[in-house]
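Read the structure below first, then the notes.
Residue numbers (our numbering): 2 to 340.
Here's what the structure looks like:
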């Protein structure tokens, strides 16, 4: 009698252990939709309950659903794991709206199309607050990372992007936004706008190789049509100057009276954003428009003087590439017309 009670006690302990620890589950790295899962002689109803909870499915299990599950699966979807547990016990799924019913395979209706998924993947809604970029500007880019049925909306007043999509897509969008919404790089630019009166021997410009010598400077220059705007091509100048000889040369020209400093403006601009410096004036003139026998008169302005457009590109190593577009314009307003 004692032996029988002892055997019964051991059986109860084994049953309790199997019930409390029915499986091992872990999410695959980099993909929240894949799991590694193991069951050993686990009750089918418990397996369905666990997997439905993990996948966010609404599942109804009848009282006649019974069975045992023993398997060891690696890197599979929750849907595949659930269908495998049902199939080995002779059951299948039937969907009605957002509810999934577990039924014997012989009782399943033939209305389910093989192309129509029985499971609706779990969707969530997340809002992303942006601090340094405009939500409207990147909404189109974010839609490329969402699924076909995903929804991306913009809250302009709060600079928010609201996304409804699958969890894995939301995680990917969050990573993209974290990489984009960063503190923008800024650069302080100090410019010297100079007027140089060239003598006969300097009519072709300045010989920079004579101004800058090796050993005391870092000087690189390249561009197109900067000194000869009459030629074709895209104008621009890209340069980096760090030389005491250059400053000495400017000081010498100024002392000789060949150089006049028009302005030394300073401005702060963001990486890859164009900044403008305008030294000059605006001449107003009238513009008359007639439409439907109604004449209106507006005032427009002609900008004259020296204009400098600067676009910095800041590298991760701290080097700055400047795209500079200079323009000098002059004009007058004669009899109300600009020229």
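By construction, the Cβ of each residue, glycine as well, lies at the ideal position given by its N, Cα and C atoms.
Out of curiosity, what's the CA-to-CA distance linking residue 318 and residue 186? 12 Å
Cβ atoms of residue 68 and residue 90: under 7 Å apart, would you say? yes
Quick check on DSSP: helix, strand or coil for residue 145? coil
For residue 269, the nearest candidate out of 280, 313, 308, 291 (CA to CA): 313
Selected residue, minimal CA-CA separation from residue 271, among 282, 321, 92: 321
For residue 55, which residues from the same chain have a beta carbon less than 6 Å from its beta carbon, with the 5 sequence-adjacent residues on both sides left out? 79
Roughly how many whole angstroms lie between the Cα atoms of residue 45 and residue 161? Straight through space, the alpha carbons of residue 161 and residue 45 are spaced by roughly 44 Å.
Taking 7 Å as the cut-off, decide whether the C-beta atoms of residue 48 and residue 86 are in contact. yes
Among the residues of its own chain, which have a CB less than 6 Å from the CB of residue 330, if the five just before and after it don't count? 305
In whole angstroms, what separates the C-alpha of residue 1 from that of residue 142? Residue 1 falls outside the range modelled here, since the chain spans only 2 to 340, and no answer is possible.
Assuming residue 61 and residue 103 form a contact by the criterion Cβ under 8 Å, report the distance between their Cβ atoms to the nearest whole angstrom. 7 Å
Pull up the distance between the alpha-carbon of residue 177 and that of residue 132, whole angstroms please. If you take the alpha carbons of residue 177 and residue 132, they lie about 14 Å apart.
Range of the contiguous beta strand (DSSP E) that encloses residue 164: 161 to 167
Taking Cβ to Cβ, would you say residue 174 is nearer than 7 Å to residue 183? no
Residue 42 classed as buried or exposed, judged by whether at least 16 other C-beta atoms fall within 10 angstroms: So residue 42 counts as exposed.
Pairwise C-alpha distance: residue 149 and residue 50: 29 Å
Excluding the 5 residues preceding and the 5 following residue 21 in the sequence, name in chain order all residues of the same chain whose CB lies nearer than 7 Å to its CB. Legend: pLDDT at residue 21 = 40, less than 50; position of this residue unreliable, no value from coordinates given.
Given residue 130, which residues of its chain have a CB within under 8 Å of its CB, disregarding the five upstream and five downstream residues? 159, 160, 161
Near residue 172, what residues of its chain come up, given a Cβ to Cβ distance below 6 Å and the 5 sequence neighbours on each side ignored? none
Residue interval of the beta strand (DSSP E) (run including residue 1): For the chain, the structure presents residues 2 to 340; residue 1 sits outside this window and is missing.
Could you please give me the residues that DSSP links to residue 61 through a beta bridge? 102
Residues bridged to residue 303 (per DSSP): Answer is 284, bridged to residue 303.
Cβ neighbours of residue 267 in the same chain (closer than 8 Å, five flanking residues each side left out): 189, 190, 191, 192
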